[in-house]
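Peer 1: Residue numbers (our numbering): 126 to 371.
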Ligand code: FPP
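See below:
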């Protein structure tokens, strides 16, 4: 039976997050510049978006550019920014045809003007779509997001909009960039690295992690379905004992 048929359709995670890693190493392995890896990574973005939409994932979040990625060589950063513009322009029609809404989390206003503009246009043109949200984490880091939330909470306490006693886990979640979606049930990281790299730290308190040796440009639909299938066979206890889970 092929792996897609083994995925249980009434147990699909509502939110899957992905750390797309290994573009540079994959390119080097093929004797090419790092940017070649990013270009090929776009095909994986297309496939995984399609795969997620096909099985009914409601939110797919991709870590596309972290606040730390600015320290890469200027040439690489510029290439990534250009690739984003090109990809968004190329894919908006496909997103609309498939009823997918483009969203972004992170300080995307600080991206180069052309990238920010393309992103805003893409979000505007797809805003009424309801089948799946494709969320790009751009100029995102969890510590930035949490610091920003703390600033806004303090400011709302000072401005008498909320009381200090109202600060709860759910209130904090509502001040995060991800406030419009549930926490991810599954987080996939490619390339064999096993860390979170400042991604969704608060939101991943009970997330299941799936690490694969595959580099992002070689990650295909069946790899995505394998991750979902493995997730479906894990026992999620949320602090309880096995016996308490029916
Ligand atoms: C990590 O690989 C990948 C990135 C920092 C960027 C991912 C970007 C894309 C796939 C292209 C455009 C994306 C969209 C959403 C259109 P790495 O460069 O860290 O690889 P390495 O660890 O092997 O160096």
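Yeah, the Cβ is synthetic: ideal placement off N, Cα and C, and Gly gets one too. All values derive from a computational prediction rather than experimental measurement.
Kindly examine the ligand FPP and report whether one of its heavy atoms sits closer than 6 Å to the Cβ of residue 212.
Peer 2: Within the chain shown, residue 212 is the residue found at index 87, counting from 1. Yes - the ligand FPP has a heavy atom lying nearer than 6 Å to the Cβ of residue 212.
Peer 1: Does DSSP put residue 143 in a helix, a strand or coil?
Peer 2: The sequence position of residue 143 within the chain shown is 18, counting from 1. Correct three-state label for residue 143: strand.
Peer 1: Alpha carbon to alpha carbon, how far is residue 372 from residue 281?
Peer 2: What is shown of the chain runs 126 to 371, which leaves residue 372 out entirely.
Peer 1: For a test of the three-state rule: what should DSSP assign to residue 340, helix, strand or coil?
Peer 2: Numbered from 1 along the chain shown, position 215 holds the residue referred to as residue 340. Residue 340: coil per DSSP, three-state reduction.
Peer 1: Measuring straight from C-alpha to C-alpha, what distance separates residue 309 and residue 187?
Peer 2: Locating residue 309 in the chain shown gives position 184, where the first residue counts as 1. Locating residue 187 in the chain shown gives position 62, where the first residue counts as 1. About 11 Å.
Peer 1: Is the CB-CB distance between residue 333 and residue 356 below 7 Å?
Peer 2: For the purposes of this step, residue 333 is taken as residue 208 along the chain shown, with counting starting at 1. For the purposes of this step, residue 356 is taken as residue 231 along the chain shown, with counting starting at 1. Yes, Cβ-Cβ distance for residue 333 and residue 356 is below 7 Å.
Peer 1: Please report the residue range of the alpha helix (DSSP H) in which residue 300 lies.
Peer 2: Against the chain shown, residue 300 aligns to sequence position 175. Note, residue 300: alpha helix (DSSP H), 294 to 300.
Peer 1: Helix, strand or coil, according to DSSP, for residue 260 in the structure here?
Peer 2: Position 135 of the chain shown holds residue 260. Three-state result, residue 260: strand.
Peer 1: The alpha helix (DSSP H) with residue 350 in it runs from where to where?
Peer 2: The residue labelled residue 350 in the question sits at position 225 within the chain shown. First-last of the alpha helix (DSSP H) with residue 350: 346 to 357.
Peer 1: When you compare only the Cα positions, how much space is there between residue 296 and residue 286?
Peer 2: Your numbering for residue 296 matches position 171 in the chain shown. Your numbering for residue 286 matches position 161 in the chain shown. So the alpha carbons of these two residues sit roughly 13 Å apart.
Peer 1: Report, in whole angstroms, the separation of the C-beta atoms of residue 220 and residue 248, which I expect to be a contact under 8 Å.
Peer 2: On the chain shown, position 95 is the one that residue 220 refers to. On the chain shown, position 123 is the one that residue 248 refers to. Not really, about 10 Å apart at Cβ, beyond 8 Å.
Peer 1: Short check: CB of residue 142 to CB of residue 312, under 7 Å?
Peer 2: Translated into the one-based positions of the chain shown, residue 142 becomes position 17. Translated into the one-based positions of the chain shown, residue 312 becomes position 187. In this structure, residue 312 lies closer than 7 Å to residue 142 by Cβ.
Peer 1: Please go through the same chain and pick out, in chain order, the residues whose beta-carbon is closer than 6 Å to the beta-carbon of residue 185, but skip the five residues on each side of it.
Peer 2: Your numbering for residue 185 matches position 60 in the chain shown. If we look at residue 185 and ignore the five residues flanking it on each side, its Cβ neighbours are 141, 177, 259.
Peer 1: Residue 172 to residue 347, Cα distance in whole Å?
Peer 2: One-based indexing of the chain shown puts residue 172 at position 47. One-based indexing of the chain shown puts residue 347 at position 222. Their Cα atoms are separated by approximately 10 Å.
Peer 1: For the ligand FPP, is there any heavy atom lying closer than 6 Å to the beta carbon of residue 148?
Peer 2: As a working note, residue 148 is residue 23 in the chain shown. Yes, the beta carbon of residue 148 sits closer than 6 Å to at least one heavy atom of the ligand FPP.
Peer 1: Which residue from 211, 350, 279, 183 puts its Cα closest to that of residue 240?
Peer 2: Numbered from 1 along the chain shown, position 115 holds the residue referred to as residue 240. That would be 211, whose Cα lies nearest to the Cα of residue 240.
Peer 1: Less than 6 Å separating the Cβ of residue 189 from some heavy atom of the ligand FPP?
Peer 2: The residue given as residue 189 occupies position 64 in the chain shown. Yes.
Peer 1: Could you tell me how far apart the beta carbons of residue 267 and residue 326 are, in whole angstroms, since I believe they sit closer than 8 Å?
Peer 2: Within the chain shown, residue 267 is the residue found at index 142, counting from 1. Within the chain shown, residue 326 is the residue found at index 201, counting from 1. The Cβ separation is near 4 Å, so the contact holds.
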